[in-house]
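Student: Dropping a structure here in structure tokens format, bear with me for questions.
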């Protein structure tokens, strides 16, 4: 029996421009997310870009059985917490993967990931035919938040392609595996998915390139993905990816799954959340009457909850609309106007008003810089720069109001997104 408690950080690093081999590292370091607070911890400027996974509280137990038992091995692994951090310089996302429930509110005895692996030895295996052993795998994953964007996906695809190329260059032949799974059982999974679409080249959009046009789709925020239990029986390891893909594809293409994904589009999300709150107008009085024999207090609580949810969703929808318009106009401003970072948010209406005044002033200053330094050929940027300043000002005011109404939304955004605006280069405009 072996028990271990370790904390490690694994990095997937970006490719070097000179075409060198990929770099991976595993370093036991202290992580800045012990209290689930937003952090500005970043690698030094000279360090390469990376996607880093932090794994905390790994507890492993492995049981090996003597000859004569029906089991050859039984392993149990639990991981208390998993977090994947985005350290790509031009990305606005801070956390790609994390638990849905903050650590402070989770059951101390619960684990983010639980895996159990059992090797079963048929009776004939004791006669020297151990290759006929069968495996059983059970996997349980706590609800999590997944945030996707094109820069992280491009880095992971590049990393995988380079790793495969390295294996080909080594010219090592891997013998086919004889591993056979008697059963693979995955417990139900609940995920909250955010998908950020980002246009990186405006000229490709104007030329109608489909790969870039797809990134004009509206951002998905808070889409719910619910996967029922997956039970795969009698499967060779080589067939497992195909069978798992078939099951996931069939379930994700159902009407219910598509509707839950579309609920991440802000107008649809606002309608669904307000619909849920309206149901509370009926349920709150009944529940309050059962406890306190008072209907009036329940009606007041229901109205308060409905008003709070409706105001938060309408303000969030307005801020999302102005942010989308800002992202479009900002591509035409060159280096004279910075983009608005999602993680840099006003704490309330007062802070939002001060930020709005600053954004409008910066828009006017940018227009003045164009007239003084840009020359005649740059004067076409003046209207987008001024418009961009006003759009950012409206976004700051609406977000400040929303954060007054719903501080939990602000805390989630601070955890998911970076507080610094990404750098812009002239080549992307």
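Numbering (the numbering used here), first residue to last: -16 to 412. All C-beta atoms in this analysis are idealised placements derived from N, C-alpha and C, irrespective of residue type, glycine included.
In whole angstroms, give me the CA-to-CA distance for residue 398 and residue 330.
Tutor: The residue you call residue 398 lines up with position 415 of the chain shown. The residue you call residue 330 lines up with position 347 of the chain shown. Residue 398 and residue 330: Cα-Cα distance of roughly 14 Å.
Student: Residue 401 and residue 326: beta carbons closer than 8 Å?
Tutor: Start at 1 with the first residue of the chain shown, and residue 401 comes out as number 418. Start at 1 with the first residue of the chain shown, and residue 326 comes out as number 343. Against a cut-off of 8 Å, the Cβ pair of residue 326 and residue 401 comes out as a contact.
Student: Alpha carbon to alpha carbon, how far is residue 206 from residue 393?
Tutor: Counting from 1 along the chain shown, the entry for residue 206 is found at position 223. Counting from 1 along the chain shown, the entry for residue 393 is found at position 410. Each residue's Cα considered, the two are about 17 Å apart.
Student: Grouping DSSP H, G and I as helix and E and B as strand, with all else coil, what is residue 175?
Tutor: Counting from one through the chain shown, the residue named residue 175 turns up at place 192. DSSP places residue 175 in strand when its eight states are reduced to three.
Student: So residue 372 packs on residue 346, CB below 8 Å; how close in whole Å?
Tutor: The count along the chain shown starts at 1 and reaches residue 372 at position 389. The count along the chain shown starts at 1 and reaches residue 346 at position 363. The Cβ separation is near 2 Å, so the contact holds.
Student: Output the distance between the C-alpha atoms of residue 96 and residue 61, rounded to the nearest integer angstrom.
Tutor: Reading the chain shown from its first residue, position 113 is the one you call residue 96. Reading the chain shown from its first residue, position 78 is the one you call residue 61. Using only the alpha carbons, I get a separation of about 6 Å.
Student: Does DSSP put residue 19 in a helix, in a strand, or in coil?
Tutor: Here residue 19 corresponds to residue number 36 of the chain shown, with the count starting at 1. Low local confidence applies: a pLDDT of 47 at residue 19 is under 50, so the model's placement there is unreliable, and no value is given.
Student: Along the beta strand (DSSP E) that carries residue 100, what are the first and last residues, could you check?
Tutor: Along the chain shown, read from residue 1 onward, the residue named residue 100 stands at position 117. Taken as a continuous stretch (DSSP letters only), the beta strand (DSSP E) holding residue 100 covers 96 to 103.
Student: Which stretch, first to last residue, makes up the beta strand (DSSP E) that contains residue 57?
Tutor: Stepping through the chain shown from its first residue, residue 57 is reached at position 74. Per DSSP, residue 57 belongs to the beta strand (DSSP E) from 54 to 70.
Student: Using the three-state DSSP reduction, which class does residue 323 fall into: helix, strand or coil?
Tutor: Within the chain shown, numbered from 1, the residue matching residue 323 stands at position 340. DSSP places residue 323 in coil when its eight states are reduced to three.
Student: So which of 72, 129, 86 and 274 has the shortest CA-CA distance to residue 80?
Tutor: By 1-based counting over the chain shown, the position of residue 80 is 97. Per the Cα distances, 129.
Student: My understanding is that residue 320 touches residue 368, with C-beta atoms under 8 Å, so please give their C-beta distance in whole angstroms.
Tutor: The sequence position of residue 320 within the chain shown is 337, counting from 1. The sequence position of residue 368 within the chain shown is 385, counting from 1. Yes, residue 320 and residue 368 are in contact; Cβ-Cβ is about 5 Å, under 8 Å.
Student: Taking only runs that begin and end inside the region 328 to 380, name each unbroken beta strand (DSSP E) of 3 or more residues, in chain order.
Tutor: List check, beta strand (DSSP E) in window: nothing returned.
Student: Assign residue 270 to one of three DSSP states: helix, strand, or coil.
Tutor: If you number the chain shown from 1, residue 270 lands on position 287. Helix, per DSSP.
Student: Return the Cβ separation of residue 126 and residue 174 in integer angstroms, given the expectation that the two are a contact with Cβ distance under 8 Å.
Tutor: Within the chain shown, the letter at position 143 stands for residue 126. Within the chain shown, the letter at position 191 stands for residue 174. So it is a contact: roughly 7 Å between Cβ atoms.
Student: In or out: residue 204 buried (at least 16 other Cβ within 10 Å) or exposed?
Tutor: As a working mapping, residue 204 is identified with position 221 in the chain shown. Its Cβ being crowded by 16 or more others within 10 Å, residue 204 is buried.
Student: From this set, 71, 58 and 86, which residue's C-alpha is nearest residue 101's C-alpha?
Tutor: For this step, residue 101 is matched to residue 118 along the chain shown. Of the candidates 71, 58 and 86, the one whose C-alpha sits nearest the C-alpha of residue 101 is 58.
Student: Compare the beta carbon distance of residue 35 and residue 75 with 8 Å and say whether it is the shorter of the two.
Tutor: Here residue 35 refers to the residue found at position 52 of the chain shown. Here residue 75 refers to the residue found at position 92 of the chain shown. Their beta carbons are not under 8 Å apart, which means residue 35 does not touch residue 75 by this criterion.
Student: Would you tell me roughly how many angstroms separate the C-alpha atoms of residue 355 and residue 307, rounded to the nearest one?
Tutor: Indexing the chain shown from 1 puts residue 355 at position 372. Indexing the chain shown from 1 puts residue 307 at position 324. If I take the Cα positions, the gap works out to 29 Å.
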